[in-house]
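Since the structure comes first, as structure tokens, the remarks are kept for the end.
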Amino acid sequence: MGILSALFGKSGNKVAEYLDKDAVLLDVRSHGEYQSGHIKSAVHIPLPELKNRIKEIEKLNKPVIAYCASGMRSGSATNILKSNGIDAINGGGMNSLQGKLG
Numbered sequence: 001m002g003i004l005s006a007l008f009g010k011s012g013n014k015v016a017e018y019l020d021k022d023a024v025l026l027d028v029r030s031h032g033e034y035q036s037g038h039i040k041s042a043v044h045i046p047l048p049e050l051k052n053r054i055k056e057i058e059k060l061n062k063p064v065i066a067y068c069a070s071g072m073r074s075g076s077a078t079n080i081l082k083s084n085g086i087d088a089i090n091g092g093g094m095n096s097l098q099g100k101l102g
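This is the structure:
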């Protein structure tokens with residue numbers, strides 16, 4: 001297993017699968033980053049706020065594709081979500097994810 005696989009998992013090939021399951025796109029970047037551009041349908045919860053706002057995600061009752069700028073924060077977000085029983089994958093960086101959305 002390479003270092004990137006260890007950090008990000010093999011979620012790249014799962015994005016389409018999660019989109020088919022009506023997954024929520026979760027933007028975990030800062031408020032400023034979000035304001036400068038985001039994926040239109042994304043829910044925005046900055047990573048530092050995620051633990052305190054986990055109930056909001058639970059209420060959606062959908063799987064989650066987390067993303068940020070590079071994939072590092074979304075990896076942390078995915079771990080937080082999974083530890084709270086939420087089906088989630090790391091979608092990686094926003095630009096890369098947008099390419100997978102078509």
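Position 101 (the sequence shown) corresponds to 101 in our numbering; numbering is contiguous.
Beta carbons are placed, not taken as given, at the ideal position from N, Cα and C, and that holds for glycine.
Within a Cβ cutoff of 7 Å, which residues of the same chain sit near A6, ignoring the five residues on either side of it in sequence? Below a pLDDT of 50, predicted positions are generally treated as unreliable, and A6, at 44, falls in that range; the measurement from the model is reported next regardless. Result list for A6: empty, nothing under 7 Å.
Could you name each continuous beta strand (DSSP E) segment of 3 residues or more that falls completely within the region 33-80, going from the start of the chain to the end? Qualifying beta strand (DSSP E) stretches, in chain order: 64-68.
Taking Cβ positions, are V28 and A88 nearer each other than 8 Å? no
Using alpha carbons as the reference points, say which of Y67, K59 and N13 lies closest to G37. Y67
Assign G85 to one of three DSSP states: helix, strand, or coil. coil
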